[in-house]
Amino acid sequence: MNRSVKTGLFILLIGLQVLSHRYRGMLKFNLDLLHLILVYIAIRSGFMKTIFSAMAIGLVTDYFSMQVMGVFGFSRTITGYLLNEISRHIDLKNNVLVFLLISVSLCFSNLIANLFFHFILGFPFQLSLILYQPLSTGLLGVLLIAPRKMKQYLDVY
Amino acid sequence: MNKEFGDIPSERRHFVLAAVLFLNLVLVSTHVVLKNRQTLFQTIIGFIVSPIQVVFQKTTDFVSYEFKHYLFLKDSFNRYQEIKGKYSRLKYENYILKRKLLEHGDANVVKGLYDDFIIVDVISIDRNFPLSSVMIDKGSNDGIVKNMIVLNEDAELVGRVVEPITLLSANVRLITSSLGGVGAYVEKNRLEGLITGSNIDICSFKYLVENKPVFINDRVVSSGTDEIFPSYIPIGVVVDIQKDYLIQKVFVKPFFVEKPIKQLLVIKKETRRHE
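Chain order of the listed sequences is Z and C. Its first residue numbered 1, the first sequence is counted upward by one per residue in our numbering. Its first residue numbered 1, the second sequence is counted upward by one per residue in our numbering.
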C-alpha cells in the first residue's frame, strides 16, 4: 500500500512538473515538484541513493530550465547531501520544520544555480527563483505531508 | 524514521560527493562558450592536452629528424657518392666535348670515345715534396698502366701515372713536380709552351715568346703536343708575368692545388684508342 502510494505520488509530481514546464508561460506560479521528490529521497534513503538521485533530478531540472546541463545537477547534489545529513537531526513530525527544510534547501539550491547562471550567462538574480518558488514549494510539501494518514503512507513520522 | 545508514563508509562519502560534483561541473563546462567560440570544456581540455601534444609532436619530429639524418646517413652518403661520380663523369664528358668541338667542330664524333675512367683514392702523399707525387689505391690489377692521365673531380689536370705500379697501388706524378712537363697553351691567344713544376704550388711556362701579350687570370690548357697529355684539359690560370729579352716568364697556378685531391680520376688508356 505504502509503496503504491509513493509511486503514484511521484508519478503525479513528475507529470505535474512536465505540465507546468509546458504551460509555464501561462502559469503565474512556479513550483519545483521534483524537489519534493528529492527531499523525500534524502530523508528516507542512504547516501549513495540520495546523491545519484539528486544528480538525476538536477539534470532533469536542467532540461526543464535553461538547458545548461549540470548547473542544477550540481546544486541539487549539494542540497541532497545536506538534506541527507541534516534530516537526521530534525523532527519531521513538526510541519513548520518540514516547511523550513523544503524551503530553505530549495532556496539554497536555487541560489547556487542562480550564481552559476549569473556568472556563465549573465543571468540576473531572480527573486522568483530564490524566494517565491522555495516558499510555494515548501507550502505544497507541507500540505501534502500534513494529513496524518499521508505521513503513515510515506513513512515519515 | 527508518533511514538507511552505512551504505558507504563515511570516509568515502566525500570522495563520491566530490566526484559527482566534478562530473556536474564538467557537464556545465561543456555548455559554457567562451570568447574564443570554444566551450570551457574544450578550452580546459585543450589547455591540458596541448602541452602533451606539443611535447609529443616535438619528440616525434626530433626522433624522425634524427632517424632521417643520422640513422639513414649511410644511404645519404651512398647517394652523395653516386651523385659525385655522375658529376665527375659529366665534367669529364664536358671536357671531351669541348675539346672535340675545338678540334672538329662536331660533337657527334666523340660518341663512344673517352667514356670511361677509374675513380681512385689518394692513399699517401710524399711528405717531403707534397706537390711532387701521390700514391693511389688502384694498381695494375685494376688496369692502371704507365702514363695514364690523372684528373681531379672537376676534370682538371693533376698529373700522370708513373712507375712504380704495383698490383694494388700506383704512383702519380703531379704536374707541379720538378720532373717532366706538360705541353700547354694560353687559351685566349693559343700561345704555346711547356709548363714545368718545381714542387711548389706554382708552375712556370717556358719558351713563351714575348710578342703575344698574356694577362693575369688567363686560362691555360694542355695542348697535346707532348704526346702524353691529351689536349684541352684545364690546367690553371696565369698568376704572374715577367718580361724578358725575347721571351716572357709566365707563372701558372694549377687548378688542382686549391682543391682536395682525395679522390681522382684516371682516364683509361684504351678509351683513347682513336687518337
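Glycine included, every Cβ here is placed at the ideal spot set by N, Cα and C.
Kindly indicate which residue of the options has the alpha-carbon position closest to the one of residue i.
i                      : options                   : result
residue 235 of chain C : C:196, C:227, C:39, C:144 : C:196
residue 183 of chain C : C:145, C:166, C:231       : C:231
residue 240 of chain C : C:250, C:246, C:89        : C:250
residue 176 of chain C : C:81, C:157, C:228        : C:157
residue 48 of chain Z  : C:17, C:211, C:25, C:77   : C:17
residue 79 of chain Z  : Z:93, Z:40, Z:97, Z:63    : Z:40
residue 144 of chain C : C:161, C:152, C:181       : C:161
residue 220 of chain C : C:227, C:8, C:29, C:190   : C:190
residue 17 of chain Z  : Z:56, Z:61, Z:53, Z:111   : Z:61
residue 159 of chain C : C:208, C:258, C:52, C:131 : C:131
residue 69 of chain Z  : C:167, C:41, C:126, C:91  : C:41
residue 209 of chain C : C:54, C:186, C:19         : C:186
residue 125 of chain C : C:137, C:39, C:19         : C:137
Name, please, each residue of chain C whose Cβ falls closer than 7 Å to the Cβ of residue i.
i                     : result
residue 41 of chain Z : Here the premise fails: no neighbours, minimum Cβ distance about 11 Å.
Could you tell me the alpha carbon to alpha carbon distance between residue i and residue j, rounded to whole angstroms?
i                      : j                      : result
residue 45 of chain Z  : residue 23 of chain C  : 22 Å
residue 115 of chain Z : residue 75 of chain Z  : 10 Å
residue 222 of chain C : residue 188 of chain C : 13 Å
residue 267 of chain C : residue 121 of chain C : 14 Å
residue 36 of chain Z  : residue 138 of chain Z : 8 Å
residue 262 of chain C : residue 123 of chain C : 8 Å
residue 193 of chain C : residue 247 of chain C : 11 Å
residue 163 of chain C : residue 170 of chain C : 7 Å
residue 134 of chain C : residue 155 of chain C : 17 Å
residue 76 of chain C  : residue 245 of chain C : 58 Å
residue 149 of chain C : residue 212 of chain C : 30 Å
residue 66 of chain C  : residue 57 of chain C  : 14 Å
residue 83 of chain C  : residue 242 of chain C : 42 Å
residue 228 of chain C : residue 147 of chain C : 7 Å
residue 178 of chain C : residue 201 of chain C : 11 Å
residue 59 of chain Z  : residue 73 of chain Z  : 5 Å
residue 45 of chain C  : residue 87 of chain Z  : 39 Å
residue 87 of chain C  : residue 80 of chain C  : 10 Å
residue 110 of chain C : residue 89 of chain C  : Low confidence applies to residue 110 of chain C: its pLDDT is 40, below 50, so where it sits in the model is not reliable, and the reading given next is rough at best. Each residue's alpha carbon lies about 14 Å from the other.
residue 265 of chain C : residue 172 of chain C : 11 Å
residue 125 of chain Z : residue 118 of chain Z : 7 Å
residue 63 of chain Z  : residue 21 of chain Z  : 10 Å
residue 13 of chain Z  : residue 26 of chain C  : 29 Å
residue 95 of chain C  : residue 85 of chain C  : 15 Å
residue 62 of chain C  : residue 51 of chain C  : 16 Å
residue 129 of chain Z : residue 48 of chain C  : 36 Å
residue 181 of chain C : residue 260 of chain C : 22 Å
residue 42 of chain Z  : residue 85 of chain Z  : 8 Å
residue 253 of chain C : residue 99 of chain C  : 21 Å
residue 218 of chain C : residue 204 of chain C : 14 Å
Using a Cβ-Cβ distance cut-off of 8 Å, determine whether residue i contacts chain C.
i                      : result
residue 3 of chain Z   : no
residue 77 of chain Z  : yes
residue 20 of chain Z  : no
residue 86 of chain Z  : no
residue 81 of chain Z  : yes
residue 145 of chain Z : no
residue 150 of chain Z : no
residue 117 of chain Z : no
residue 102 of chain Z : no
residue 120 of chain Z : yes
Quick check: is the beta carbon of residue i nearer than 8 Å to any beta carbon in chain Z?
i                     : result
residue 49 of chain C : no
residue 52 of chain C : no
residue 17 of chain C : yes
residue 21 of chain C : yes
residue 32 of chain C : yes
residue 55 of chain C : no
residue 3 of chain C  : For residue 3 of chain C, the pLDDT reaches just 48, beneath the cut-off of 50, and the residue's location in the model is therefore unreliable, although a value from the coordinates is still provided. Output row for residue 3 of chain C: interface = yes.
What residues of chain C sit near residue i, judged by a beta carbon separation below 9 Å?
i                    : result
residue 8 of chain Z : None at all; the shortest Cβ gap to chain C is about 20 Å.
Under 7 Å Cβ-Cβ, which residues of chain Z neighbour residue i?
i                     : result
residue 25 of chain C : 70, 74
residue 63 of chain C : Per Cβ cutoff of 7 Å: no residues; residue 63 of chain C is ~41 Å from chain Z at best.
Just to check, is the beta-carbon of residue i closer than 7 Å to a non-hydrogen atom of the ligand ATP?
i                      : result
residue 118 of chain C : The model depicted lacks the ligand ATP and carries no ligand whatsoever.
Give me the chain C residues within the contact set of residue i, using Cβ-Cβ distance strictly less than 8 Å, ordered along the chain.
i                     : result
residue 51 of chain Z : 16, 17, 20
- In the stretch 195-246 of chain C, which residue ranges form an unbroken beta strand (DSSP E) of at least 3 residues, counting only runs that do not cross its ends? Positions of the beta strand (DSSP E) runs, each at least 3 residues long and wholly inside the stretch 195-246 of chain C, are given as 203-209, 219-222, 234-243 in order along the chain.
- Query: What runs of the beta strand (DSSP E), each 3 residues or longer, lie entirely inside the stretch 134-170 of chain C?
  - Reply: 149-151, 157-165
- Message: My parser needs the alpha helix (DSSP H) runs of 4 or more residues fully inside the stretch 16-97 of chain C; what are they?
- Response: 40-66
- Task: Starting from the N-terminal side, write out each stretch of the alpha helix (DSSP H) that is 4 residues or longer and does not extend beyond the stretch 38-105 of chain Z.
- Result: 47-64, 71-86
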